[in-house]
Amino acid sequence: MKLKPESQPVLDAALEAELLQQLRPIEPATARAQAMREALFRRIEMPADLDDFVTVHHDQGEWRRIAPRVLQKRLVEGPGVQAFLLRMESGSSLPAHDHPTAEECMVLEGEVWLGDVHCHAGDFHRAPRGKPHGALRTDAGCLLYVRTGGG
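Each residue of the sequence shown is one higher than the one before, counting from 51 in my numbering.
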């Protein structure tokens, strides 16, 4: 990804890496440490296989920021499958990428460009294993359901 001139890094990569290696770990606040611990135990308690029912209610799970103005909520992860919701705010994007496994996407709300393909609410898109597509981008924002071969 090429950076725009106004967002060129101030430090070169080698100096930045050296500075980051010199940073000392910071103990999280008690509340944050407890939240991290609870999230870890929730992940441990998820079924190792998916031979049973999995239900994630709308108010369950954790949205985490994976890029500027892009949030992900994992729904299920197990051997050979990963499913998540992806909320992209208006004007957001994700870079082009390859697919180590097939990836299925259903647009639940809004609109999104998946490379050169423009999809709207109700549209389905499948990217086969090994085939890249261009950047994901949205003008109005969207909510996507994504299922991959995953973990």
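For every residue, glycine included, the Cβ atom is placed at its ideal position computed from N, Cα and C.
All figures in this text were calculated on a predicted structure; none of them were measured in a lab.
>> Quick check on residue 63: does DSSP put it in helix, strand or coil?
In response: helix
> Rounded to a whole number of angstroms, what is the C-alpha to C-alpha distance between residue 76 and residue 69?
Replying inline: 15 Å
>> My output table needs one value for residue 80: the three-state DSSP class, helix, strand or coil.
In response: helix
>> Looking at the secondary structure, which residues open and close the beta strand (DSSP E) in which residue 177 lies?
In response: 174-177
> Alpha carbon to alpha carbon, how far is residue 174 from residue 86?
Replying inline: 34 Å
>> For residue 127, list the residues DSSP reports as bridge partners.
In response: 132
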